[in-house]
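Structure, as structure tokens:
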Amino acid sequence: MEGGSWQPQEEGIKEICGLLEQHISPTSDKSQIWQQLQHYSHFPDFNNYLAFILARADAKSVEIRQAAGLLLKNNLRTAFKSMSPAHQQYIKSELLPCLGAADRHIRSTVGTIVSVIVQLVGVFGWPELLQALVNCLDSGELNHMEGAMDALSKICEDIPQVLDSDVPGLSERPINIFLPRLFQFFQSPHMSLRKLSLSSVNQYIMLMPTALYMSMDQYLQGLFVLANDTAADVRKLVCAAFVQLIEVRPSFLEPHIRNVIEYMLQVNKDGDDEVALEACEFWSAYCDAQLPPESLREFLPRLIPVLLSNMVYAEDDESLADAEEDGSLPDREQDLRPRFHTSRFHGSENADDDDDDIVNVWNLRKCSAAALDVLSNVFGDEILPSLMPLIQAKLSNADDSVWKEREAAVLALGAVAEGCINGLYPHLSEIIAFLIPLLDDKFPLIRSISCWTLSRFSKYIVQGIGHQKGHEQFEKVLMGLLQRILDNNKRVQEASCSAFATLEEEAAEELAPRLEIILQHLMCAFEKYQRRNLCIVFDAIGTLADAVGLDLNQPKYLDILMPPLIAKWQQLSNTDKDLLPLLECFTSIAQALGTGFSQFAEPVFQRCMSIIQTQQLAKVGPPSAGAQYDKEFIVCSLDLLSGLAEGLGSGIESLVSQSSLRDLLLQCCMDEAPDVRQSAFALLGDLARVCSVHLHPCLSEFLDVAAKQLSTSRLKETVSVANNACWAIGELAIKVRQEVSPVVMTVVSCLVPILQHAEGLNKSLIENSAITLGRLAWVCPDLLSPHMEHFMQPWCAALSMIRDDIEKEDAFRGLCAMVRANPSGALSSLVFMCKAIASWHEIRSEDLHNEVCQVLHGYKQMLRNGAWEQCMSSLEPPVKDKLSMRVVVQNDSHYSAILASVETLGLKNSEMLVWHAPMDHIFLDPSELMADFQGLRDILADFLKFLIAT
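For the sequence shown, the numbering used here assigns the number 7 to the initial residue and increments by one for each residue that follows.
This is how it looks when you write it as structure tokens:
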């Protein structure tokens with residue numbers, strides 16, 4: 007069949023149009039009609055019919071034609087490449103004339119389909135398209151120009167790179183053809199063309215093709231011309247362009263920066279909130295671009311009032327609907343936010359908490375507060391002279407009619423709480439004293455913002471506990487927030503619970519004496535809250551458990567806390583999403599109570615197992631499990647099992663031994679979902695610590711699948727999985743020792759590139775890679791030591807950044823073991839090793855301290871003729887000072903005498919004595935040895951026999 011020879015049957019058109027008409031009817035049975043349409047889609051020419059109806063069915067309504075087009079678009083996404091070339095050609099040939107259709111809805115639908123086809127086959131797969139677009143753009147006829155621009159803008163948005171690629175048969179890239187025409191449309195009298203052309207060019211700022219780079223002056227001139235466009239949509243795009251340019255290529259704007267700042271300052275006051283919002287993004291982007299602050303400094307006295315003004319609630323802000331006492335009203339389904347559990351992560355986390363997100367929707371108010379926050383962190387106390395008089399004026403006006411102005415002032419105080427703390431600190435007591443009464447304000451939104459602002463000062467409120475006035479103020483803040491937790495307004499409940507969670511994190515053990523009253527308030531809220539805010543109570547309880555730890559493990563506290571939680575636990579089914587935050591809460595409680603959680607452990611363990619099994623069945627086939635698959639249930643259950651392992655320690659062994667956890671865990675370690683694998687490897691490491699014997703039957707499988715997580719080419723995308731897998735390997739290694747040897751070199755071959763290319767990688771992954779490498783070296787030094795010169799420098803650099811703890815001790819035991827096995831392998835990296843050793847504040851393990859000292863002494867004796875001194879001279883003074891504390895041999899001449907005596911006994915390479923001797927035999931106190939030299943000879947003779955036997 008030739009592309010133009012296909013003709014539709016009238017009956018087919020009638021049937022399909024009838025179905026489409028029913029499909030768009032609000033009263034029809036959508037599922038039944040959809041099934042019929044899907045049935046039709048199995049006919050080879052069904053999509054041809056849809057293209058015909060869209061393009062040629064002028065007698066039908068625009069809605070039916072548009073519905074045909076949208077269905078065609080969806081079908082082509084999956085079916086276009088498998089269609090016959092003739093059908094493909096027919097559809098393309100019908101679309102191109104419709105670029106200039108009289109109805110803009112039809113033009114827009116055609117543009118969407120054109121973009122989808124280009125995504126599938128590229129420009130080369132549709133040679134006629136480029137010329138058709140050029141012809142329409144050059145036609146001078148509005149519908150054709152607008153239709154082509156609409157299609158072009160969608161291509162630029164969806165697949166911008168396709169126009170900046172070489173196309174066989176074309177002498178230049180498509181972007182070179184279109185860019186001059188887009189610039190011309192900047193000056194079009196038609197707003198739609200100005201908007202579409204500017205939107206198209208803006209898509210290339212991130213990519214910055216050569217064509218745009220070379221035309222930057224023309225682009226900037228076009229932006230300046232459009233800056234005061236009468237259309238708000240165009241002004242918004244101008245602001246977006248300046249924001250993107252300052253983020254990606256600030257050098258282009260630097261020559262014009264004063265004019266750009268002046269413009270953005272003016273448009274930040276635009277009557278259209280969307281334009282003002284886009285302009286407001288500029289201030290944070292400017293600061294993030296690390297441009298010279300001087301250019302912005304002179305504008306601060308004018309900028310600060312604009313930001314503060316924009317922080318006042320707009321009349322149509324959805325939050326204003328939250329102003330009634332609605333605490334007893336059940337939540338609607340649309341009120342329930344989607345929740346996202348964060349999988350368990352082992353290491354130092356760098357992710358920022360989102361506690362500051364007190365507004366549901368990003369708007370001008372929120373953006374202005376964020377900009378003020380960023381400015382305060384860049385300019386610090388410099389902004390206070392412009393800001394504080396405005397805040398004071400707003401707060402001093404107690405009139406009810408300006409309550410929103412007062413609320414904005416409280417928000418501003420919270421926004422600058424971190425950046426301007428030096429200037430605010432002398433007056434902090436007065437600021438806190440002013441904020442506390444606002445917790446009881448008649449306006450709910452003032453009560454809620456006061457909770458948030460107080461939480462921003464939590465660190466300093468807690469620091470003041472040491473003196474009486476600060477202690478009294480802490481008590482007032484604590485009780486004020488607890489009272490607000492029982493507020494009748496849902497918005498205040500949410501803000502106070504979140505603020506209290508922040509205070510809990512800062513106060514930690516300081517909360518222990520107040521646990522009873524805190525628990526009473528939280529459990530009262532537990533009984534009072536509706537579904538949405540109940541999640542926040544669970545979070546506050548979990549945070550409290552994390553903060554006070556074992557102090558929670560007292561009968562009087564557990565009697566308040568556990569019965570309501572257990573009742574809720576029993577009330578919820580295994581597939582109820584409200585169970586998820588409760589699982590998280592129990593995780594924190596289990597970790598805090600330690601063995602005190604034993605009385606609750608068995609039913610919790612069994613339920614986690616049941617949930618995981620149910621979800622794995624649902625994943626295979628929903629009908630067989632009676633539940634819809636949701637990986638969140640698996641992740642939360644795995645994390646709770648990790649919490650049990652951490653809390654119960656070896657006490658979990660009896661539960662594990664009588665369960666199928668090992669096999670379930672292995673399945674989860676191989677799951678395709680990264681967050682399931684992340685939590686699975688966290689649990690693997692936790693179980694390795696407390697009951698590794700039950701992992702033994704599948705040890706090789708666990709090690710193999712964990713090693714694979716480190717070799718993925720998409721490491722940055724699955725960094726948290728790799729981090730936990732790496733940590734788990736290390737935990738297994740120190741438990742199973744030599745049994746880890748089959749995968750040692752595979753793992754090391756993955757860890758070394760991570761350490762060598764640490765820039766841009768997650769800090770925890772670097773730390774865990776260094777620790778695991780050290781643990782492997784500790785248990786298998788003979789395998790690693792021959793290769794150590796290839797990784798010593800980056801490894802030692804990573805070790806030097808790790809805080810003192812038991813894991814660092816393990817890593818350094820591995821370092822000492824490898825150096826003993828192959829001292830020459832570390833010679834070229836000795837400076838790095840010395841820095842790593844100097845990174846310790848205190849080596850608490852006496853054995854390890856001795857080993858490290860002996861390693862240093864060994865190199866000091868090996869490096870003769872000033873080589874050791876030369877090495878030391880390259881170190882910074884603080885490093886040398888720390889190293890000197892590790893040197894315990896006081897008299898080098900005595901030590902040389904010892905070595906000489908060894909050589910008289912026939913041990914030619916006296917250095918070998920330093921490296922291969924058991925550490926408790928080699929470095930004896932020289933003064934004692936020299937007192938009885940004959941005794942020394944006897945000791946050394948025995949030692950020589952030991953070496954030979956070894």
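Backbone N, C-alpha and C define an ideal beta-carbon position, used for all residues, glycine too.
Residue L671 holds the alpha-carbon nearest to the alpha-carbon of A734 among L833, L671 and L567. About 7 Å separates the beta carbons of L434 and F463, which is inside the 8 Å limit, making them a contact pair. Proximity of the segment 227-240 to the segment 188-205 meets the contact definition, three or more beta-carbon pairs being nearer than 8 Å. When the five nearest sequence neighbours on each side are left out, the beta carbons in the same chain lying within less than 7 Å of the beta carbon of L148 are those of H196, in order along the chain.
Across the set V127, E69 and R110, the C-alpha of V127 shows the shortest separation from the C-alpha of F86.
Going by beta carbons, K465 and E512 fall inside the 8 Å limit.
For T33, the secondary structure class from DSSP, reduced to helix, strand or coil, is coil.
Judged by pairs of C-beta atoms under 8 Å, the segment 867-877 does not touch the segment 841-858, as fewer than three such pairs exist. In the structure shown, the three-state DSSP call for H847 is coil.
The C-alpha of S88 lies about 29 Å from the C-alpha of V68. If you look at L650, you'll find it in the alpha helix (DSSP H) that goes K637 to L654. Your pair F191 and V231 does not check out as a contact, with CB atoms roughly 12 Å apart and the cut at 8 Å. Positions of the alpha helix (DSSP H) runs, each at least 4 residues long and wholly inside the segment 749-805, are given as 769-785, 787-790 and 798-805 in order along the chain. Rounded to the nearest whole angstrom, the CA to CA distance from L661 to Q489 is 41 Å.
Contact between H111 and Q72 is confirmed by a C-beta separation of about 5 Å, below the 8 Å threshold.
Between G653 and the set E638, Q612 and L556, the nearest pair of CA atoms involves L556. DSSP, read as helix, strand or coil, puts G75 in helix. Boundaries for R870: no alpha helix (DSSP H) harbours it, and the DSSP string shows neither H nor E there. Following the DSSP letters along the chain, one finds G175 in no alpha helix (DSSP H), marked with neither H nor E.
Under the three-state reduction of DSSP, E882 is assigned to coil, being neither helix nor strand.
The beta-carbon separation of I267 and S290, rounded to 14 Å, does not stay under the 8 Å limit for a contact. T118 sits away from L60, with the two beta carbons spaced by 8 Å or more. Counted as a single uninterrupted DSSP element, the alpha helix (DSSP H) harbouring E413 occupies residues W409 to A421. For N729, the enclosing alpha helix (DSSP H) stretches over residues V725 to V742. Assignment of R695 by DSSP, reduced to helix, strand and coil, places it in the helix class.
Contact annotation: Q125 and I165 have beta-carbon atoms nearer than 8 Å.
If you draw a straight line from the Cα of V711 to the Cα of M676, it comes to about 7 Å. In the structure shown, the three-state DSSP call for N369 is coil. Shown here, A823 sits in a helix according to DSSP, grouped into three states. Going by beta carbons, D387 and G429 fall inside the 8 Å limit.
The beta carbon of V498 lies closer than 6 Å to those of P450, R453, S454 and R490 in the same chain, with the five residues before and after it left out.
In this structure, DSSP gives E516 a helical state, which the three-state scheme calls helix. For C877, the three-state secondary structure derived from DSSP is helix.
Nearest to S594 by alpha-carbon distance, out of Q621, D545, P569 and A247, is D545.
Per DSSP, Q13 is not a residue of any alpha helix (DSSP H), being assigned neither H nor E. When DSSP assignments are scanned along the segment 131-160, the uninterrupted stretches of alpha helix (DSSP H) that are 4 or more residues long and fall wholly within it turn out to be 133-143.
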